[in-house]
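Reminder that position 51 of the sequence shown reads as 50 in numbering that gives the first Met the number 0, one-by-one numbering, no gaps. C-beta: ideal position from N, C-alpha, C; glycine also.
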Amino acid sequence: MFNHFIHPFDEPMLALSSAPHRGGLTEANGFFFMMVPKNYSGNYRMDCLTFERENGLSNFVGFMTAANVRKVLATATSRNVTAYVTAGITNPAIAGEEPPPWRPGTINIALVIEEGLTVGAMANAIMTATEAKTYTLLKLGYNATGTTSDGIGVFAFEGETEWAGTATRLGISIGRAVRKALEESLRKWEGTRSVK
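Take a look at the structure:
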């Protein structure tokens, strides 16, 4: 039986993501991390839509991973930012270099920001979170900037905050939340690999 994670919002939020289900810029009622089999090669559009319908969800942003979601999920909060992370890094990659032969493994990051942001600030938040992800991987000894199938999503209210870079209070909170959650998720993932 697969394990999944579903996170509904108290009220709809603006979403900007690279998620396979309802990715891009949209309004969302929540998000989910859906576990799929290793070497998954299904119709992700149909499978995510089916998952949403079977769980009684509507207008959710959906991420997929072959990692055991319940075992690797980690969350961390810094001020008004909460990062939800699932990590599996069997297919590490370095941006700009030819990737190794594909194997299943994904780092998914969902950032929930309880603040009103412009779309530009949400894009800035993705940049800051990606920098935090890469720093964490290198710090922990992974020779990688990510995996070949990473996903990221930022969820916030529509508002006036224009910046979320590393010099801002919001950016610092994003970096701290992502670093802490990713480090915990990677520790959990390493633990699942040692248990055969």
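- F59 is bridged by DSSP to G29.
- T64 places its beta carbon 8 Å or farther from that of N2.
- A92 is not a Cβ neighbour of P100, given a cutoff of 8 Å.
- Boundaries for V35: no beta strand (DSSP E) harbours it, and the DSSP string shows neither H nor E there.
- Contact check between the stretch 116 to 130 and the stretch 49 to 69: fewer than three CB pairs, one atom from each, fall below 8 Å, which does not count as touching.
- For L72, the secondary structure class from DSSP, reduced to helix, strand or coil, is coil.
- A check of alpha carbon separations from G22 across T165, G152, T146 and M33 identifies G152 as the nearest.
- Under the three-state reduction of DSSP, S184 is assigned to helix.
- Residue range I106 to L116 is occupied by the beta strand (DSSP E) that includes N107, with no alpha helix (DSSP H) assigned at that position.
- Between A75 and A143, the gap from beta carbon to beta carbon reaches 8 Å or more.
- Distance from the Cα of F62 is smallest, within the candidate group A124, A18 and R52, for A18.
- In this structure, L139 sits away from L72, with a CB-CB distance that is not shorter than 8 Å.
- For S16 and I125, the gap between their C-alpha atoms comes out near 8 Å.
- Counting along the chain, T144 sits inside no alpha helix (DSSP H), nor does DSSP assign it H or E at all.
- In the structure shown, I88 falls within a coil segment according to DSSP collapsed to helix, strand and coil.
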